[in-house]
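Written as structure tokens, this is what we have:
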């Protein structure tokens, strides 16, 4: 229970760039437990800067700190890779007929983190909506020489582009979710994810 | 010489650590700890062209040591960086 509270405190600190309450980490916490929980919630990158702000006696042992650093270095490598791929992906999707691809979740949300490179992202999520989805998807399959065209499962289809896993979303959320069955939510998504409310992102193709 | 792009110096658990953060370093799974003077030099020359004389000059300026001793230390530091592949 204490490890969960400590993880929450570190998460708050990591997300809001604040200093964690040192009292929660005195006596020295069980770092294995905290880091295990953080790994399960893909929060290692978020809490790493918060850990650095703790008093020295509350910080993890050197070996643990170095292992954590090595793990978040991987986050940074993924971030660089995804940023490099994103520009090419958007151009590719446009060439396949997707007029306004919308970047969702991981890489998109990471821009709101104090350090975007620490947001753990396994894939790139792009929403193109229902309109012409099948035509665009067929064109993607043709261009990338798919042997067969996988069907939409839940809200998206998966494919690989430049060695990166892509989730191409037909729907913003799963059809079986309570949210998707809410008419208000669907209308809100359609309004927010299309038309004038979209903000054009400049992608630095490094 | 120049530092290889993608290697970053960060403070981890009170130590200055260099790790490869770009996609070019996916196979570089080592962490390199730098002592204070080497970390200082790295911060000064990162992403610039430099020579052993540049490093020696920085050491003289920062620590007021003899130029000959500074050059000896600078050479050792540059050699170790080249050896691990963080400088070319």
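Chains as they are written, first to last, in the working numbering: chain A, 102 to 307; chain B, 661 to 748.
C-beta: ideal position from N, C-alpha, C; glycine also.
What you are looking at is a predicted structure, and each value in this text was computed from that prediction instead of being measured.
Per DSSP, reduced to three states, the secondary structure at residue 693 of chain B is strand. By alpha-carbon distance to residue 664 of chain B, the top candidate from B/682, B/694, B/730, B/716 is B/682.
Counting along the chain, the unbroken beta strand (DSSP E) around residue 672 of chain B starts and ends at 667–672. About 14 Å separates the Cβ atoms of residue 718 of chain B and residue 729 of chain B, ruling out a contact at the 8 Å cut-off.
Here residue 742 of chain B is exposed. Its C-beta has fewer than 16 other C-beta atoms within 10 Å.
When the Cα atoms are used, residue 255 of chain A and residue 178 of chain A turn out to be separated by approximately 29 Å. The region 185–192 of chain A makes no contact with the region 148–167 of chain A, as fewer than three CB pairs between them are under 8 Å. Annotated three-state conformation of residue 262 of chain A is strand, per DSSP.
Boundaries cannot be given for residue 127 of chain A, as no alpha helix (DSSP H) includes it and DSSP labels it neither H nor E. Look at residue 232 of chain A here: in three-state DSSP terms it is coil, with no helix or strand label.
Residue 683 of chain B reaches chain A at 178, 181, 182, 185, counting residues in chain order whose Cβ is nearer than 8 Å. Between the C-alpha atoms of residue 199 of chain A and residue 738 of chain B there is a straight-line separation of about 51 Å. The C-beta of residue 664 of chain B comes no closer than 8 Å to any C-beta of chain A.
With respect to chain B, the C-beta atom of residue 166 of chain A has a partner C-beta closer than 8 Å. Nearest neighbour of residue 149 of chain A by Cα position, chosen from A/253, A/266, A/221, turns out to be A/221.
Close CB contacts of residue 207 of chain A within its chain, under the 6 Å cut and outside five residues either way in sequence, are with 222 (chain order).
In the structure shown, the three-state DSSP call for residue 675 of chain B is strand. C-alpha of residue 691 of chain B to C-alpha of residue 165 of chain A: approximately 13 Å in a straight line.
No Cβ of chain A is located within less than 8 Å of the beta carbon of residue 699 of chain B. Non-local beta-carbon contacts of residue 263 of chain A in its own chain, meaning distances under 6 Å to residues more than five positions away in sequence, involve 186 in chain order.
Against residue 236 of chain A, chain B offers no close residue; the least beta-carbon distance is about 33 Å (beta-carbon pairs closer than 8 Å). Judged by DSSP secondary structure, residue 204 of chain A falls within the beta strand (DSSP E) whose first and last residues are 203–205. When C-beta distances to chain B are compared with 8 Å, the residues of the region 139–163 of chain A below that value are 153, 157, 160, 161, 163, in chain order. Annotated as proximal: residue 661 of chain B and residue 711 of chain B, with beta-carbon spacing under 8 Å. According to DSSP, residue 170 of chain A shares a beta bridge with no other residue. Contact with chain B is found for residue 170 of chain A, since one of that chain's Cβ atoms lies less than 8 Å from the residue's Cβ.
Residue 747 of chain B is bridged by DSSP to B/663. Annotation: residue 678 of chain B has no Cβ neighbours in chain A at a cutoff of 8 Å; minimum Cβ distance is about 10 Å. Look at residue 265 of chain A: its C-beta is not under 8 Å from any C-beta on chain B.
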